[in-house]
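J.:
Residue numbers (our numbering): 1 to 295.
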């Protein structure tokens, strides 16, 4: 559910699928289902579990087994058997099983899989090209229509409603799955049991705007929750381009205003989105911004 995304396992029902405008919905390409909260750009770098024989014929554990490398790198041992991360050869990445595995980079180039993308980015580390290269969105590169001002204003209406419904879905399925913390469950329970809650569905923009105005309090926690789910590397109260990737990458093919929306959220243009900036983007009032809600 992804996505938005972030480390939970429930799948998004059709009524809680990512918000999308009618014109974008008609052009949606075939893609596999994504899990709520799952990071769509996560790469498996492989396990190095071949045993190493020593003089006493005792099988020694490969030091790479517990050595983590970031996306695009794999672990190897040097002459002293010390684990180290090196760039993965793109040719060693698994072959894509279908077009749905393709990803588009900010260089407007389609990569077979996210593995191929991150391996290529790794080889460019330290260069100007590598610094500017990021994963743009899931799926092959294609023409994206410019985001008009009126469309940009509509984007948060669908996003807020979608986030609320994702949380309600997680709450309904979270019996023993630990999809939400106990504190989060209590907060979502209040939304779930509220008789005035707008049920999931394809609603007009006017209705979404009216519901936000009349039931504003129901949207405060979902907006904070999503920020907390994304703010992970590290947890510092700011969202970077990399931290936003699990959310924005699956959205862009369906919502062509995604990139412009997040750029606008960075009000001071410092390449970081603070909680206050994030909340403002979604129409949350300054006095309702609460760091305790993202925990």
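Ideal placement from N, C-alpha and C gives every residue a C-beta, glycine not left out.
So the beta strand (DSSP E) residue 83 belongs to, where does it begin and stop?
T.: By 1-based counting over the chain shown, the position of residue 83 is 83. Where residue 83 is concerned, the enclosing beta strand (DSSP E) stretches over 83 to 87.
J.: Since residue 277 is in the alpha helix (DSSP H), which residue starts that stretch and which ends it?
T.: The residue labelled residue 277 in the question sits at position 277 within the chain shown. Note, residue 277: alpha helix (DSSP H), 275 to 281.
J.: With distances taken between CB atoms, is the gap from residue 168 to residue 200 smaller than 9 angstroms?
T.: Stepping through the chain shown from its first residue, residue 168 is reached at position 168. Stepping through the chain shown from its first residue, residue 200 is reached at position 200. Yes, these two residues count as a Cβ contact at 9 angstroms.
J.: My parser needs the beta strand (DSSP E) runs of 3 or more residues fully inside the region 108 to 141; what are they?
T.: Within the region 108 to 141, the complete beta strand (DSSP E) runs of at least 3 residues are 135 to 138.
J.: Does DSSP put residue 104 in a helix, a strand or coil?
T.: For the purposes of this step, residue 104 is identified with residue 104 of the chain shown, where counting begins at 1. Here residue 104 sits in strand by DSSP.
J.: Is residue 121 closer than 9 angstroms to residue 297 when the C-beta atoms are compared?
T.: Nothing can be reported for residue 297: it is not among the residues displayed for the chain, which extend from 1 to 295.
J.: Expressed to the nearest angstrom, what Euclidean distance is found between the alpha-carbon atoms of residue 181 and residue 255?
T.: By 1-based counting over the chain shown, the position of residue 181 is 181. By 1-based counting over the chain shown, the position of residue 255 is 255. For residue 181 and residue 255, the distance between alpha carbons rounds to 30 angstroms.
J.: Only counting the same chain, and skipping five residues up and downstream in sequence, which positions put a Cβ closer than 8 angstroms to that of residue 260?
T.: Locating residue 260 in the chain shown gives position 260, counting from the first residue. Same-chain partners within the cutoff: 147, 152.
J.: Relative to the C-alpha of residue 113, which candidate in 132, 93, 131 has its C-alpha closest?
T.: For the purposes of this step, residue 113 is identified with residue 113 of the chain shown, where counting begins at 1. Answer by Cα proximity: 93.
J.: Just tell me which of 275, 282, 267, 85 has its CA closest to the CA of residue 291.
T.: Position 291 of the chain shown, counting from 1, holds the residue named residue 291. Minimum Cα distance to residue 291 is reached at 275.
J.: Relative to the C-alpha of residue 188, which residue among 196, 170, 176 is closest?
T.: In the chain shown, counting from the first residue as 1, residue 188 sits at position 188. Closest by alpha carbon: 170.
J.: Can you say whether residue 164 is buried or exposed, counting buried as having 16 or more other CB atoms within 10 angstroms of its CB?
T.: Mapped onto the chain shown, residue 164 falls at position 164. The residue is buried, with at least 16 neighbouring Cβ atoms inside 10 Å.
J.: Between residue 282 and residue 223, is the Cβ-Cβ spacing less than 9 angstroms?
T.: Within the chain shown, the letter at position 282 stands for residue 282. Within the chain shown, the letter at position 223 stands for residue 223. Their beta carbons are under 9 angstroms apart, which means residue 282 touches residue 223 by this criterion.
J.: When the Cα of residue 86 is compared with those of 239, 69, 279, 126, which residue comes out closest?
T.: Translated into the one-based positions of the chain shown, residue 86 becomes position 86. Comparing Cα positions, the closest option is 69.
J.: In terms of alpha-carbon separation, which member of 202, 249, 179, 280 lies closest to residue 100?
T.: The count along the chain shown starts at 1 and reaches residue 100 at position 100. Checking every option, the nearest Cα to that of residue 100 belongs to 249.
J.: Could you give the distance in angstroms between the alpha-carbon of residue 77 and the alpha-carbon of residue 126?
T.: Here residue 77 is taken as the residue at index 77 of the chain shown, counted from 1. Here residue 126 is taken as the residue at index 126 of the chain shown, counted from 1. Residue 77 and residue 126: Cα-Cα distance of roughly 23 angstroms.
J.: By Cβ distance below 6 angstroms, which residues in the same chain neighbour residue 215 in space, the five residues on each side in sequence not counted?
T.: For the purposes of this step, residue 215 is taken as the residue at position 215 of the chain shown. 196.
J.: Quick one: give me the first and last residue of the alpha helix (DSSP H) that residue 164 is part of.
T.: Walking along the chain shown from the start, residue 164 turns up at place 164. 149 to 173 is the extent of the alpha helix (DSSP H) around residue 164.
J.: Exposed or buried, what is residue 139 when buried is set at 16 or more other beta-carbons lying within 10 Å of its beta-carbon?
T.: Taking the chain shown and counting its residues from 1, the one referred to as residue 139 is at position 139. Under this definition residue 139 is a buried residue.
J.: Name the DSSP beta bridge partners of residue 272, please?
T.: Position 272 of the chain shown, counted from the start, is the residue given in the question as residue 272. None; residue 272 has no bridge partner.
J.: Could you give the first and the last residue of the continuous alpha helix (DSSP H) run that contains residue 223?
T.: Translated into positions along the chain shown, residue 223 becomes position 223. It spans 217 to 230 - the alpha helix (DSSP H) in which residue 223 sits, taken as one unbroken run.
J.: Using the three-state DSSP reduction, which class does residue 95 fall into: helix, strand or coil?
T.: If you number the chain shown from 1, residue 95 lands on position 95. In the structure shown, residue 95 sits in coil (DSSP, three-state: anything other than H, G, I, E or B).
J.: Would you mind giving the Cβ-Cβ distance between residue 174 and residue 185, rounded to the nearest angstrom? I have them listed as a contact below 8 angstroms.
T.: Taking the chain shown and counting its residues from 1, the one referred to as residue 174 is at position 174. Taking the chain shown and counting its residues from 1, the one referred to as residue 185 is at position 185. Indeed they touch by this definition, with Cβ atoms about 7 angstroms apart.
J.: Residue 133 and residue 161: beta carbons closer than 9 angstroms?
T.: Position 133 of the chain shown holds residue 133. Position 161 of the chain shown holds residue 161. In this structure, residue 161 does not lie closer than 9 angstroms to residue 133 by Cβ.
J.: Run through DSSP, which three-state label would residue 143 get?
T.: On the chain shown, residue 143 is found 143 positions in, with the first residue counted as 1. DSSP places residue 143 in coil when its eight states are reduced to three.
J.: Which of helix, strand or coil does DSSP assign to residue 179?
T.: Residue 179 sits at position 179 when you count from the first residue of the chain shown. Residue state, collapsed to three classes: coil.
J.: Quickly, what does DSSP pair residue 73 with across the bridge? List them, please.
T.: Walking along the chain shown from the start, residue 73 turns up at place 73. Paired residue(s): 87.
J.: Grouping DSSP H, G and I as helix and E and B as strand, with all else coil, what is residue 247?
T.: By 1-based counting over the chain shown, the position of residue 247 is 247. If DSSP states are grouped into helix, strand and coil, residue 247 belongs with the helices.
J.: Does the distance from the C-beta atom of residue 105 to that of residue 135 stay below 9 angstroms?
T.: Here the question's residue 105 lines up with position 105 in the chain shown. Here the question's residue 135 lines up with position 135 in the chain shown. Yes.
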